[in-house]
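Worksheet for the structure shown next.
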Amino acid sequence: MNALQPIHFTSLLSNPTLTAREIAILKRRHALHQKYKKAVALYADTERPLCEIAAECGFNAKALGNYLRHHWRELVLRRYKLSTEGKDARDVKIISAGKQSVTAHEKYKEAVMACDSMEFIELDVSQVARKFNLDGTALANFMRIHYEDIPIRREKIRRRLGLNDNIHRGARKTSIEQYAEAVELYWTTDMTIPQVAEACRVSEKGFSQFLRFYHKEILRQKMEVRKQAKNINRKVRGVQTGNGRKYEPLPQTERKYAEALALYRDTTMTEKDIVAQTGVPPQGFRFYLHKWHKELVLERAGITGEISEGTDLRKARCRMKTVTHKYAEAIRRLKEELCPLTQIAVEFGFHPEAFRQYIHKYEPELAQYLGMKRNADGKLVSRASEEKYSEAVRLYETTTENLKSIAKQLGLTYNSVGGYIRRNYPDIIRRHEELVKQENSK
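For the sequence shown, counting from 1, position 364 maps to 363 in numbering that gives the first Met the number 0; every step adds exactly one.
Printed below as a string of structure tokens:
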């Protein structure tokens, strides 16, 4: 059994090797088992039908059935009287597609043998069914699907014996006309039976039964297509899979996340803000994005190139769309005004160091440019160099002391300060020379 008993659950959570994600998965699984605990006990200890148990416990019968087949498969196999024969329980098919179940076989086998026997040839199928406490229509339908040769052979014998009851058999004209469009659509497209039934506005169960009775060759060919699809290792969106459906999200799922998807694609809102505004479940929306719209996830994360299934998107992401939008206005201000980076960061409420790292990583030219400022002559000069050499420039401009002496006095490298002045303040050199000439002329 797969259920986590409370004592085992507590001991598992105390395992120090578990990651936070694994602990979260264990908690969700334990909550799921606790939810269905009463229903599982009733299913194991009684022979009551699944639908009754689901109704009593307040569950959807289909959801309960899925849970039992996934987590308590041994109980389901025991109820269907199926043996594992040394196989893993998950490898044993409970009901194979197109084949009768064990319970149906046990229910109808004696009546089917009677219909195939000359002992009951004088009775019609309804009369045979009543002898075995069965519904006549249900027995006839069961034989049409699983023993299609018996009704045909039986009818021929009864006609030869003069026992014809003048009851019409086979597809009625009205039914043929009613389902003609649906049959053509199902045969020529990859649409499923429910999709065709909805498109043609016919009963889904009625259409399914009509196909099984009178168009078995179509169902066989569809089955072959599904078998071939199962051999394809990688599922491709829009291509039919082994269950007969196209590999694509359900229409109701697309409608559910349509608004959230539009916001994710067309805006820079975070996932958290999007789910808060649209009211969709966060985990469901995240799963929907990564499964059906991976290209949008990669675009928002700034990831380009080939991505394998094992790629960690958190490590591969580059400039995220949301982060780019976050810093866009601040970067514009920096480019236009050449303000100190820390000043802009504080003004926009950013962490200065995080903002600086972003600039250096994604805006290297701007990062280099931010180290410059315009001097009085309109030239771009290094802020650090200006602070370092400002006093030497002032002394050189206003006194007759030579530059080598000034550099020595301030502890600067003569060649460096000389190169700085020649590149950025050529006019100061001329003014210094004029001062020296005036001093010498006195």
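We treat Cβ as the ideally placed atom computed from N, Cα and C, and that holds for glycine.
These numbers were taken from a predicted model, which means no experiment stands behind them.
For residue 245, the pairing in a beta bridge is given by DSSP as 239. Counting of Cβ neighbours within 10 angstroms places residue 409 among the exposed residues, the total staying below 16. Distances from the alpha-carbon of residue 177 to those of 226, 199, 131 put 199 closest. A straight line joining the alpha-carbon of residue 174 with that of residue 125 spans about 22 Å.
With a cutoff of 7 Å on beta-carbon distance, residue 412 and residue 434 are scored as not near each other.
Taking residue 169 as reference, the option from 269, 270, 140, 329 with the minimal CA-CA separation is 140. The alpha carbon of residue 79 has as its nearest neighbour, out of 53, 267, 196, 48, the alpha carbon of 48.
Between the C-alpha atoms of residue 136 and residue 288 there is a straight-line separation of about 47 Å. The alpha carbon of residue 128 has as its nearest neighbour, out of 117, 109, 195, the alpha carbon of 109.
Residue 247 has its alpha-carbon roughly 19 Å from the corresponding atom of residue 187. In the structure shown, residue 203 falls within a helical segment according to DSSP collapsed to helix, strand and coil. Rounded to whole angstroms, the Cβ separation of residue 192 and residue 207 is 5 Å, and the two are in contact under 8 Å. Shown here for residue 114: same chain residues with a beta carbon closer than 7 Å to its own, the five before and five after excluded, namely 124, 127, 142, 149, 153 in chain order. The alpha-carbon of residue 224 is positioned some 14 Å away from that of residue 215. Distances from the alpha-carbon of residue 268 to those of 286, 251, 296, 437 put 296 closest. In this chain, the alpha helix (DSSP H) harbouring residue 101 covers 101 to 114. As summarised for the stretch 323 to 349, the continuous alpha helix (DSSP H) elements at least 4 residues long and confined to that stretch are 340 to 347, given in chain order. For the options 226, 265, 146, the alpha carbon positioned closest to that of residue 298 is the one of 265. Its chain contains 239, 245 as the residues whose beta carbon lies nearer than 8 Å to that of residue 189, once the 5 sequence neighbours on both sides are disregarded; these appear in chain order. Spanning the alpha carbons of residue 30 and residue 73 requires a straight line of approximately 21 Å.
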